[in-house]
Amino acid sequence: MPTRRSFLSLGAMTAAGIVTVPDATSAQAIDALKQMKPPAKPVIVTRVTGDNTIQDAYKMLLDGADTLSAAHHVCLGRENDPTDHSVGIGGLPNEEGVVELDSCCMHGPTRSAGSVGGVQNIKNVCLVARKVFEHTSHVMLVGKGAERFAVDLGFPSENLLTEDARKVWMLWKEGNSQMDWWGPGITGPQWKDPYGDRPAPKPTMDLHGPTSQLRPGTIPRHPTPDWAEFIRARALTLARMADDLDIPAANRQFAVEQILWPSTGTIHVSAINPKGEISGATTTSGLAWKIPGRLGDSPVIGAGCYTDQDIGSAGATGSGEENIKVAGAHTIVELMRQGLTPHDAGMETLRRIVRNHNGDMTRIRLLDMEYYILRKDGAYAGCSLWSTSPTGKPRAFAVHDGTYRVEKCAYLFEGSSIAWPPF
Ligand code: GLY
104 MPTRRSFLSL
114 GAMTAAGIVT
124 VPDATSAQAI
134 DALKQMKPPA
144 KPVIVTRVTG
154 DNTIQDAYKM
164 LLDGADTLSA
174 AHHVCLGREN
184 DPTDHSVGIG
194 GLPNEEGVVE
204 LDSCCMHGPT
214 RSAGSVGGVQ
224 NIKNVCLVAR
234 KVFEHTSHVM
244 LVGKGAERFA
254 VDLGFPSENL
264 LTEDARKVWM
274 LWKEGNSQMD
284 WWGPGITGPQ
294 WKDPYGDRPA
304 PKPTMDLHGP
314 TSQLRPGTIP
324 RHPTPDWAEF
334 IRARALTLAR
344 MADDLDIPAA
354 NRQFAVEQIL
364 WPSTGTIHVS
374 AINPKGEISG
384 ATTTSGLAWK
394 IPGRLGDSPV
404 IGAGCYTDQD
414 IGSAGATGSG
424 EENIKVAGAH
434 TIVELMRQGL
444 TPHDAGMETL
454 RRIVRNHNGD
464 MTRIRLLDME
474 YYILRKDGAY
484 AGCSLWSTSP
494 TGKPRAFAVH
504 DGTYRVEKCA
514 YLFEGSSIAW
524 PPF
């Protein structure tokens, strides 16, 4: 038990009754943070959305809008788009065909946080997460309670499973019924490399060395030489089944990809204005075909999103389970507090994921992770575990700091992840 004396020795009590607590951060890092000025113009860092909401949100910030409202404007564009199968209406469902949404946010200026998880029938969960801190003394609501809360506040209740998403789910049920999320995960003691590709390839980098010396590692792209042939045959079978299920030709490739590489598609947005007010928001339909009730990192404050008004904001898309284990967004913000740049903080957090698996690439190649990072002076980074998606697209993020652009992510490994669960 700490004594009264030890409590007092932690800090000094002022006349106003406010305790000052010594900072564990190095004096040098504190000085550097103090000297940082907010950016001259607003900055937004986010996933590439393919719509105009980032540009609109930027105009909102120029007109003086709240940074969380601007971040949510970008999230809402995706939540309201039935053709975006990673979030909101049209999101891919759980294994029972029910869409369950997760979201969290942090509002820097008021140092508030709100979160909802496993919400059915309400598409704008990003706004519901904000309502949690605006209308309750709680931070997190889940499941039926979160849904009732949203309905009580006037959010419309609707079926979130679109016809397109239902057909992709049917394709998963029929095409992959032996290959679901049941069974031990990659950290389970019984886990065996499903591809039988031992001994494990090791990454060609020092996972414990200084981040500044980090160079992209390389690993064998495919676990076995006939991998590409196997994927091609599997994709052709699934495409035929998609045809039988009346999945329109334009959606067939997407549907097949979602069975081969179930998505953890998510959107994170961090935004800052010239007053230095910073906020972050993350929203998702979570892992496609998940076990009902599964929550990933997106509703977890500190994993899917973390914002500290004094330091910056970060958020994640990708393998939620891995990100929870390194408290990714919080770790990044804390590393920036210690003086790391947004890039170095993101890369170091990715390396912690790799270290959690002792650098065993037979496991790591089953994972994806991307971080979106914004420091309080407007410096930013996008960092990814892999250089490309499984379909070969470079991992990229969107930034607006007066000019809208898409930039390639910094990455730890060349190539892409492979399928999990295995076929
Ligand atoms: N990153 C989203 C999820 O894992 O649910």
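Numbering-wise (the working numbering), the sequence shown opens with residue 104 and increments by one.
Positions of the beta carbon are idealized from the N, C-alpha and C atoms, including for glycine.
Roughly how many whole angstroms lie between the Cα atoms of P323 and G495? Because the pLDDT at P323 is just 46, under 50, the model does not fix this residue reliably, and the value given afterwards should be weighed accordingly. Cα to Cα, the separation comes out at about 15 Å.
Cα-Cα separation between V219 and R458, rounded to whole angstroms: Note on geometry: alpha-carbon atoms of V219 and R458 lie some 30 Å from one another.
Is any heavy atom in ligand 1 found nearer than 7 Å to the beta carbon of G249? Going by the sequence as given, residue 249 is Ala instead of Gly. Result no, Cβ not under 7 Å from ligand 1.
Would you say the beta carbon of D166 comes nearer than 7 Å to a heavy atom of ligand 1? In this structure, the C-beta of D166 stays at least 7 Å away from each heavy atom of ligand 1.
Check whether Y483 and V235 have beta carbons under 8 Å apart: no
F500 - DSSP class collapsed to helix/strand/coil: F500 carries a strand assignment under DSSP once its states are collapsed to helix, strand and coil.
Using only CA atoms, which one of I435, G421, G217 lies nearest to T369? G421
So the candidates are G194, E277, E237; which of them puts its Cα closest to the Cα of N262? Taking only the C-alpha atoms, the option nearest N262 is G194.
Whole-angstrom distance between R397 and V429, CA atom to CA atom: 18 Å
Taking the beta carbon of A501 as the centre, do at least 16 other beta carbons fall within 10 Å, making it buried, or is it exposed? buried
Output needed for Y507: all residues of its chain with C-beta closer than 8 Å, excluding positions within five of it in sequence on either side, in chain order. Listed in chain order, the non-local C-beta contacts of Y507 below 8 Å within the same chain comprise I157, Q158, Y161, A501, local neighbours out to five positions each way being set aside.
Could you check if G383 belongs to the surroundings of ligand 1, using beta carbon to heavy atom distance under 7 Å? No, since every heavy atom of ligand 1 falls outside the 7 Å radius drawn around the Cβ of G383.
Near ligand 1: G389 beta-carbon under 7 Å from a heavy atom: yes
In its own chain, which residues sit with a C-beta less than 6 Å from the C-beta of H175, not counting the 5 before and 5 after it? C229, A384
Can you give the Cα-Cα distance for A342 and K270, rounded to whole angstroms? 12 Å
Environment of G248 [buried if 16+ CB atoms lie within 10 Å]: exposed
Residue range of the alpha helix (DSSP H) that includes W275: 266-278
What is the rounded straight-line gap between the Cα of Q412 and the Cα of L348? 50 Å
How would you label L353, buried or exposed, when you count the other beta carbons within 10 angstroms and need 16 or more for buried? With the sequence shown as reference, residue 353 is identified as Ala, and Leu is not the correct amino acid for it. Exposed is the call here.
Using only alpha-carbon positions, find the residue among K511, Y514, P445 that is nearest to G481. P445
Determine the DSSP secondary structure at V372, reduced to helix, strand or coil. strand
Taking 7 Å as the cut-off, is the beta-carbon of G421 closer than that to any non-hydrogen atom of ligand 1? yes
What number of angstroms, rounded off, separates the C-alpha of P125 from the C-alpha of D134? 14 Å
Can you tell me the Cα-Cα spacing of A391 and L179, whole angstroms? 20 Å
Residue closest to C208, alpha-carbon to alpha-carbon, out of K226, A232, S240, T186: A232
Between S520 and the rest of its own chain, which residues show a CB-CB distance below 7 Å, the 5 nearest in sequence each way excluded? R468, L469, L470, D471, W489, P493
Note down the Cα distance separating L204 from E517, rounded to an integer number of angstroms. 32 Å
E437 by DSSP, collapsed to three states: which one? The answer is helix: DSSP assigns E437 an H, G or I state.
So, are the CB atoms of L515 and M464 less than 8 Å apart? no
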